[in-house]
Amino acid sequence: MSHKPDVTLVGAGMIVHDQILPSLYQLHRLGRIGQITVCDARRRAIDALAAAEDIVRAFPGQSFQIPAEAGGPDGFQPDLYRQVIGKMPPRQIVVVAVPDQLHYEIIMTALRHDQNVCTVKPLVLHHKQALEIEQEALSRGLIVGVEYHKRFDDRSLMARRRYREGWFGEFRLGTARLFEKWYYRHSNFQNWMTVENSDAFTYIGCHYVDIVHYITGLLPTAVSLYGIRDRYPNGKEGFLWTDARILWSNGACLNVQNGLGFPDAAPGTNTQGMMLYCSGTDIGGLIEHHDQFRGLKYSYVRQPSGDGATIYAEPSPDYFQYLDLGGPGLVPTGYGLRSVEHIIENCIRVGAEDRLEARRKLVREIDEAGIMATPANSSYNELVLEAGRESIMNGGREVRIEYGQQPRVANP
Ligand SMILES: NC(=O)c1ccc[n+]([C@@H]2O[C@H](COP(=O)([O-])OP(=O)(O)OC[C@H]3O[C@@H](n4cnc5c(N)ncnc54)[C@H](O)[C@@H]3O)[C@@H](O)[C@H]2O)c1
770 MSHKPDVTLV GAGMIVHDQI LPSLYQLHRL GRIGQITVCD ARRRAIDALA
820 AAEDIVRAFP GQSFQIPAEA GGPDGFQPDL YRQVIGKMPP RQIVVVAVPD
870 QLHYEIIMTA LRHDQNVCTV KPLVLHHKQA LEIEQEALSR GLIVGVEYHK
920 RFDDRSLMAR RRYREGWFGE FRLGTARLFE KWYYRHSNFQ NWMTVENSDA
970 FTYIGCHYVD IVHYITGLLP TAVSLYGIRD RYPNGKEGFL WTDARILWSN
1020 GACLNVQNGL GFPDAAPGTN TQGMMLYCSG TDIGGLIEHH DQFRGLKYSY
1070 VRQPSGDGAT IYAEPSPDYF QYLDLGGPGL VPTGYGLRSV EHIIENCIRV
1120 GAEDRLEARR KLVREIDEAG IMATPANSSY NELVLEAGRE SIMNGGREVR
1170 IEYGQQPRVA NP
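Below is the structure:
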């Protein structure tokens, strides 16, 4: 009998609207998953998601369940997810899409109720928590997939394969950047991406650290992170501009710049890209990815609505788009969809297996394959975030990472 799990989505914010819910709806449309329930601390966020015009248009007739306990329109219930997850039968799926610092508690709640988990990145903010999650999941034969969607961009997979076949030589020096648009400062970010919780590198810089490991297999060994404090419109303070220097296990160095500062008037939803200089035997190798410009230039005849939308635009066909394939509705496409699909399919594979030992074997195989990020194969990301936070709070001093029996931040 095929396993068709129900899915509880915790969080109804931006990433859920832009990528996660439409991907889940598509999997529901294809008959891969059962009922979807959405739970958010704010009832208003759930209602706004249910009414989102673009999603309703793409998926006519589809809807998600709202927990009965979600309360009235002004309700705020940060613990609602506990009741909802507590009612799920074992080995369904919990998708976690709330602010970074809440991931740990929700993932552990899901695991303790025997749920497989898909979480948006970063898994957690502390390496110790990643280890706890890894152990809790393995002991129960459950899988936790971390949604680093750049891994499912074909260009990442192309570079990864060619690098591992030796076509580029060895990575030596590189730069990467990812700047979100200025208007992000006006969004819900100002309530949580503040100096005590996070910073621009922790929020988006981790993508390129993850991708450099994914392509090269190298491990990050030191981080220095310089951050500039700026005020959000609500007066709260955030590290809204960051510059990171990451050293790698072969001595290579990657510079990563991040910010919520790409002008709203500029085309494209953000600016991003990566340049890796490599060395072969008396010959240079190069990987250069222009991730913000994917070859499309559109100049519209009227101003599109929405924050950061421009009359001249350079849209990416690669991350997430809706296509008209004859209906009904629209069909999502892109690496944002493929990433969610890959993780959910792994949750389905693991969830379908009744025998604990067989599930554990599958989990180890998925860890080993290294395509989907898991706590076991990607917790160098937590080490980098931990080292980065230590560094940014201390003016950018270098913080080292040690591996071996007990990987850890070495000079906290
Ligand atoms: N490129 C990426 O991979 C990417 C992009 C954007 C966001 N993200 C990640 O997604 C997560 C959410 O980001 P976002 O942009 O959607 O933020 P957001 O602020 O738009 O949404 C977060 C939602 O979580 C809800 N929430 C807060 N506490 C909760 C609780 N206790 N229980 C249930 N819901 C709760 C909030 O009400 C809000 O609706 C973050 O971890 C972020 O790093 C990843």
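Residue numbers (our numbering): 770 to 1181. The beta carbon of each residue, even a glycine, is placed where N, CA and C say it ideally should be.
| query | With burial defined as no fewer than 16 other Cβ atoms inside 10 Å of the residue's Cβ, what is the status of Pro1097: buried or exposed? | reply | The residue given as residue 1097 occupies position 328 in the sequence shown. With fewer than 16 other Cβ atoms within 10 Å, it is exposed.
| Contained beta strand (DSSP E) runs [length at least 3] in the stretch 1085 to 1113, N- to C-terminal order | 1090 to 1092 and 1100 to 1102
| Residue from Val1100, Leu1029, Ile997 and Asp1093 with nearest C-alpha to Gly1165 | Start at 1 with the first residue of the sequence shown, and residue 1165 comes out as number 396. Comparing Cα positions, the closest option is Ile997.
| task | Compute the distance between the beta-carbons of Val776 and Leu818, then report whether it is under 8 angstroms. | result | Start at 1 with the first residue of the sequence shown, and residue 776 comes out as number 7. Start at 1 with the first residue of the sequence shown, and residue 818 comes out as number 49. No, these two residues do not count as a Cβ contact at 8 angstroms.
| task | Determine the burial state of Asp823: buried for a count of at least 16 other Cβ atoms within 10 Å of its Cβ, exposed for fewer. | result | Here the question's residue 823 lines up with position 54 in the sequence shown. Exposed is the call here.
| message | Could you check if Gly1020 belongs to the surroundings of ligand 1, using beta carbon to heavy atom distance under 7 angstroms? | response | Here residue 1020 corresponds to residue number 251 of the sequence shown, with the count starting at 1. False, no ligand heavy atom lies under 7 angstroms from that Cβ.
| field | Reduced DSSP category for Thr1143 - H, G, I as helix; E, B as strand; rest coil | value | Against the sequence shown, residue 1143 aligns to sequence position 374. It is coil, neither helix nor strand.
| query | Is the stretch 831 to 838 touching the stretch 1080 to 1096 in the sense that three or more CB pairs, one from each, lie closer than 8 angstroms? | reply | no
| task | Could you tell me if Phe1070 is buried or exposed, where buried requires 16 or more neighbouring beta carbons within 10 angstroms of its beta carbon? | result | Within the sequence shown, the letter at position 301 stands for residue 1070. Residue identity differs from the one stated: residue 1070 is Val in this sequence, not Phe. The residue is exposed, with fewer than 16 neighbouring Cβ atoms inside 10 Å.
| field | Reference Glu965; option with closest CA among Lys1005, Trp936 and Gly943 | value | Walking along the sequence shown from the start, residue 965 turns up at place 196. Residue Lys1005 is the option with its Cα nearest to Glu965.
| said: Starting from Arg998, trace the alpha helix (DSSP H) in both directions and tell me its first and last residue. | reply: As a first step, residue 998 must be located in the sequence shown, where it is residue number 229. Where Arg998 is concerned, there is no enclosing alpha helix (DSSP H), although the beta strand (DSSP E) it sits in stretches over Pro989 to Arg1000.
| task | Measure the alpha-carbon distance for Pro1032 versus Gly1049 and round it to whole angstroms. | result | Counting from 1 along the sequence shown, the entry for residue 1032 is found at position 263. Counting from 1 along the sequence shown, the entry for residue 1049 is found at position 280. Spanning the two alpha carbons is a distance of roughly 38 angstroms.
| task | Verify the contact flag: Val779, CB atom, against every heavy atom of ligand 3, threshold strictly below 7 angstroms. | result | Inclusion of ligand 3 in the displayed structure is not the case, the ligand content consisting of ligand 1 alone.
| With distances taken between CB atoms, is the gap from Arg812 to Gly841 smaller than 8 angstroms? | Looking up residue 812 in the sequence shown gives position 43. Looking up residue 841 in the sequence shown gives position 72. Yes, the pair counts as a contact, with Cβ atoms nearer than the cut-off.
| field | Between the CA atoms of Pro1084 and Arg954 - distance to the nearest angstrom | value | Numbered from its first residue, the sequence shown carries residue 954 at position 185. Numbered from its first residue, the sequence shown carries residue 1084 at position 315. Straight-line Cα distance between these residues: approximately 22 angstroms.
| Buried or exposed: Ile1080, going by 16 or more other Cβ atoms within 10 Å of its Cβ? | Here residue 1080 is taken as the residue at index 311 of the sequence shown, counted from 1. Counting Cβ neighbours within 10 Å, Ile1080 comes out exposed, since fewer than 16 surround it.
| field | Three-pair Cβ contact test at 8 angstroms for the stretch 1113 to 1124 versus the stretch 895 to 909 | value | no
| task | Identify which residue in Val1168, Ser1160, Val1132 and Tyr1172 has its Cα closest to the Cα of Ile912. | result | If you number the sequence shown from 1, residue 912 lands on position 143. Closest by alpha carbon: Val1132.
| query | Contact check, Tyr743 vs Leu942 under 8 angstroms by CB: the rounded distance? | reply | This structure cannot speak to residue 743, because the chain is shown only from 770 to 1181.
| message | Between which residues of its own chain and Leu796 is the CB-CB distance below 7 angstroms, once the five residues before and five after are set aside? | response | Numbered from its first residue, the sequence shown carries residue 796 at position 27. Within the same chain, Leu796 has close Cβ partners Ile802, Glu1110 and Ile1113.
| task | Mind listing, in chain order, the continuous alpha helix (DSSP H) runs of no fewer than 4 residues lying wholly within the stretch 788 to 823? | result | 790 to 798 and 812 to 819
| field | Val992 versus Ala1013 - alpha carbon distance | value | Sequence index remark: in the sequence shown, residue 992 carries index 223 (1-based). Sequence index remark: in the sequence shown, residue 1013 carries index 244 (1-based). If you take the alpha carbons of Val992 and Ala1013, they lie about 7 angstroms apart.
| 6 angstroms Cβ shell around Leu778 - same chain, five flanking residues per side excluded | Here residue 778 is taken as the residue at index 9 of the sequence shown, counted from 1. These residues qualify, in order along the chain: Val807 and Val864.
| query | Count the other CB atoms within 10 Å of the CB of Gly1095; is the residue buried (16 or more) or exposed (fewer)? | reply | Here residue 1095 refers to the residue found at position 326 when the sequence shown is read from its first residue. Counting Cβ neighbours within 10 Å, Gly1095 comes out exposed, since fewer than 16 surround it.
| field | Continuous alpha helix (DSSP H) stretch holding Asn1150: start and end | value | On the sequence shown, position 381 is the one that residue 1150 refers to. Here the alpha helix (DSSP H) through Asn1150 covers Tyr1149 to Ile1161.
| Should Asp922 go down as buried or exposed, given a rule of 16 or more other Cβ atoms within 10 Å for buried? | On the sequence shown, position 153 is the one that residue 922 refers to. Asp922 is buried by the Cβ-count criterion.
| request: Let me know the secondary structure DSSP gives Ala827 once reduced to three states. | output: Here the question's residue 827 lines up with position 58 in the sequence shown. In this structure, Ala827 counts as helix in the three-state DSSP scheme.
| How should Asn885 be labelled, buried or exposed, when 16 other C-beta atoms within 10 angstroms of its C-beta is the threshold for buried? | Counted from its first residue, the sequence shown places residue 885 at position 116. Classification of Asn885: buried, given that the 10 Å Cβ count is 16 or more.
| What is the rounded straight-line gap between the Cα of Ala1127 and the Cα of Gly1120? | Walking along the sequence shown from the start, residue 1127 turns up at place 358. Walking along the sequence shown from the start, residue 1120 turns up at place 351. Near 11 angstroms, if we compare the C-alpha coordinates of Gly1120 and Ala1127.
| Is it the case that the Cβ atoms of Thr1038 and Lys950 are separated by a distance below 8 angstroms? | Taking the first residue of the sequence shown as 1, we reach residue 1038 at position 269. Taking the first residue of the sequence shown as 1, we reach residue 950 at position 181. Result yes, Cβ atoms of Thr1038 and Lys950 sit closer than 8 angstroms.
| field | Opening and closing residue of the alpha helix (DSSP H) in which Arg909 lies | value | On the sequence shown, position 140 is the one that residue 909 refers to. Unbroken alpha helix (DSSP H) run through Arg909: His896 to Arg909.
| message | Quick check: what's the CA-CA separation for Ile980 versus Met1044? | response | Locating residue 980 in the sequence shown gives position 211, where the first residue counts as 1. Locating residue 1044 in the sequence shown gives position 275, where the first residue counts as 1. So the alpha carbons of these two residues sit roughly 12 angstroms apart.
| Nearest-angstrom Cα distance between Arg1177 and Tyr1067? | By 1-based counting over the sequence shown, the position of residue 1177 is 408. By 1-based counting over the sequence shown, the position of residue 1067 is 298. Straight-line Cα distance between these residues: approximately 48 angstroms.
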